[in-house]
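Participant:
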Amino acid sequence: MSQIKSIGVLTSGGDAPGMNAGLRAVTRTAICNGMKVFAIYRGYKGLISDEVVEFKTQDVSNIIQRGGTILKTARCPEFATPEGRKQAYDTIVKHQIDALVVLGGDGTFTGAKAFAEEYNMPVVGLPCTIDNDLCGTDFTIGYDTALNTVIECVDRIRDTASSHERLFFVEVMGRDAGFLALNAAIAAGAEAAVIPEEEIKKEVLEEVVGNGFRKTKNSSIVLVAESDVTGGAKGIAEAARKLHPEYDVREVILGHIQRGGTPSAQDRILASRMGVAAIEALLEGQRNIMVGIMNDEIVYVPFSRAIKDDKPINKRLFNALRTLSI
1376 MSQIKSIGVL
1386 TSGGDAPGMN
1396 AGLRAVTRTA
1406 ICNGMKVFAI
1416 YRGYKGLISD
1426 EVVEFKTQDV
1436 SNIIQRGGTI
1446 LKTARCPEFA
1456 TPEGRKQAYD
1466 TIVKHQIDAL
1476 VVLGGDGTFT
1486 GAKAFAEEYN
1496 MPVVGLPCTI
1506 DNDLCGTDFT
1516 IGYDTALNTV
1526 IECVDRIRDT
1536 ASSHERLFFV
1546 EVMGRDAGFL
1556 ALNAAIAAGA
1566 EAAVIPEEEI
1576 KKEVLEEVVG
1586 NGFRKTKNSS
1596 IVLVAESDVT
1606 GGAKGIAEAA
1616 RKLHPEYDVR
1626 EVILGHIQRG
1636 GTPSAQDRIL
1646 ASRMGVAAIE
1656 ALLEGQRNIM
1666 VGIMNDEIVY
1676 VPFSRAIKDD
1686 KPINKRLFNA
1696 LRTLSI
């Protein structure tokens, strides 16, 4: 039986819609199981500087619908050092915190893994990133909301693309992962997606441009994942202008608009399920794991697996997009 009497909870790294829903679920499930809950503001930075407040159930009332994170978030290079982690541990000892629940992505879990191993601390993570790039889970919290935001933006761009007979390259977030770009391209009826998982060559770019400007179409939209590999929308657009100076080529970078907004129903439900599962995992004595979802079932994935490998793109989706863009 677990001896955990109190937990600390924090949000770290880039914000993602649904973080507040996850925080609410973690807090209320812990309290329901007789635990104290200590909210840590500004992620690992707040853990080092002792920005810790005890939360009651009312502290997470009316937040499930809010984007961002009420606990704030911050990058914390200090936590990557043994000295920084020692300061964080001192804070944990001071507040008599027995376990941590961390909401974040790859960098958050990398820090959590090191901390858990160094101080034999039970740590459980909730995958929160719009990139959907963590292994061991079909979906991450925030991805669905960001995807719907991108689709809404692309629908609006389509209106002006058609009116002016333009070729638009629309850049979306994703770092080194093309999930957002590929699935948004399918959902928005785009002509193509340029993602880091698929090499972009001159003949491929010719095909992309050609698909948009034929007798049956008067505009073209291509989704581009932000990445050094793809060159982003600006780099691809410049290449397209050189190949086809006769076309009116434009680029749009959606930027941080993809991170904000009210979380979708799917993200609220996913975050709630994962938040409950995080406390259940601690009660079962599990540690150093991420809560994931596979085939609509909750799974527990070691941090080492979640952050070690690149999550593969489903090639069938890429082929489906090419088929549907004819």
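The sequence shown begins at 1376 in my numbering and counts up by one.
C-beta: ideal position from N, C-alpha, C; glycine also.
Just so we're clear, the structure is a prediction, and the values are computed from it rather than from any experiment.
Cβ atoms of Ala1396 and Ser1639: under 7 Å apart, would you say?
Facilitator: Within the sequence shown, the letter at position 264 stands for residue 1639. Within the sequence shown, the letter at position 21 stands for residue 1396. No; because the gap between Cβ atoms is not below 7 Å, this pair is not in contact.
Participant: If you drop the 5 nearest sequence neighbours on each side, which residues of the same chain put their C-beta closer than 7 Å to that of Ile1439?
Facilitator: Within the sequence shown, numbered from 1, the residue matching residue 1439 stands at position 64. Taken in chain order, the residues that qualify are Asn1395, Ala1396, Arg1399 and Arg1643.
Participant: Can you check whether the CB of Ile1382 is closer than 7 Å to the CB of Ala1348?
Facilitator: Summary: the structure shown does not reach residue 1348, with the chain confined to residues 1376 through 1701, and so no result is reported for it.
Participant: Is the beta carbon of Met1665 sitting closer than 7 Å to the one on Phe1678?
Facilitator: Your numbering for residue 1665 matches position 290 in the sequence shown. Your numbering for residue 1678 matches position 303 in the sequence shown. Contact: yes.
Participant: Return the CA-CA distance between Asp1671 and Ala1567, expressed in angstroms with no decimal places.
Facilitator: Taking the sequence shown and counting its residues from 1, the one referred to as residue 1671 is at position 296. Taking the sequence shown and counting its residues from 1, the one referred to as residue 1567 is at position 192. If I take the Cα positions, the gap works out to 29 Å.
Participant: Over what stretch of residues does the beta strand (DSSP E) that includes Thr1386 continue unbroken?
Facilitator: Counting from 1 along the sequence shown, the entry for residue 1386 is found at position 11. Segment Ser1381 to Thr1386, the beta strand (DSSP E) holding Thr1386.
Participant: Would you mind working out which of His1539, Thr1485, Glu1458 and Leu1422 sits nearest Thr1466, comparing C-alpha positions?
Facilitator: For this step, residue 1466 is matched to residue 91 along the sequence shown. Minimum Cα distance to Thr1466 is reached at Leu1422.
Participant: According to DSSP, Gly1479 sits in a beta bridge with which residue or residues?
Facilitator: For the purposes of this step, residue 1479 is taken as residue 104 along the sequence shown, with counting starting at 1. According to DSSP, which records beta bridges pairwise, Gly1479 is partnered with Pro1502.
Participant: Please report the straight-line C-alpha distance between Glu1601 and Lys1609, rounded to a whole angstrom.
Facilitator: By 1-based counting over the sequence shown, the position of residue 1601 is 226. By 1-based counting over the sequence shown, the position of residue 1609 is 234. Each residue's alpha carbon lies about 10 Å from the other.
Participant: Report all residues from its chain with a CB closer than 8 Å to the CB of Leu1696; omit the five preceding and five following residues, and keep chain order.
Facilitator: Your numbering for residue 1696 matches position 321 in the sequence shown. Sequence-distant Cβ neighbours of Leu1696 in its own chain, meaning closer than 8 Å and more than five residues away, are Leu1557, Ala1560, Ile1561, Ala1565, Ala1567 and Ala1568.
Participant: Along the alpha helix (DSSP H) that carries Arg1616, what are the first and last residues, could you check?
Facilitator: Position 241 of the sequence shown, counted from the start, is the residue given in the question as residue 1616. From DSSP, the alpha helix (DSSP H) with Arg1616 extends over Gly1607 to Leu1618.
Participant: With a cut-off of 8 Å on the beta carbons, I'd call Arg1634 and Ala1449 a contact; round off their distance for me.
Facilitator: By 1-based counting over the sequence shown, the position of residue 1634 is 259. By 1-based counting over the sequence shown, the position of residue 1449 is 74. Their Cβ separation, rounded to whole angstroms, is 15 Å, which puts Arg1634 and Ala1449 out of contact at 8 Å.
Participant: Tell me, please, which residues DSSP counts as bridged to Val1676.
Facilitator: In the sequence shown, counting from the first residue as 1, residue 1676 sits at position 301. Looking at the DSSP assignment, Val1676 forms a beta bridge with Met1665.
Participant: At what residues does the alpha helix (DSSP H) containing Glu1458 begin and finish?
Facilitator: Translated into positions along the sequence shown, residue 1458 becomes position 83. Looking at the DSSP string, the run of the alpha helix (DSSP H) that includes Glu1458 is Pro1457 to Lys1469.
Participant: Run through the DSSP bridge pairs and tell me what Lys1411 is partnered with.
Facilitator: Against the sequence shown, residue 1411 aligns to sequence position 36. Beta-bridge pairing links Lys1411 to Ser1381.
Participant: With distances taken between CB atoms, is the gap from Val1435 to Phe1413 smaller than 7 Å?
Facilitator: Locating residue 1435 in the sequence shown gives position 60, where the first residue counts as 1. Locating residue 1413 in the sequence shown gives position 38, where the first residue counts as 1. No, they are not a contact pair.
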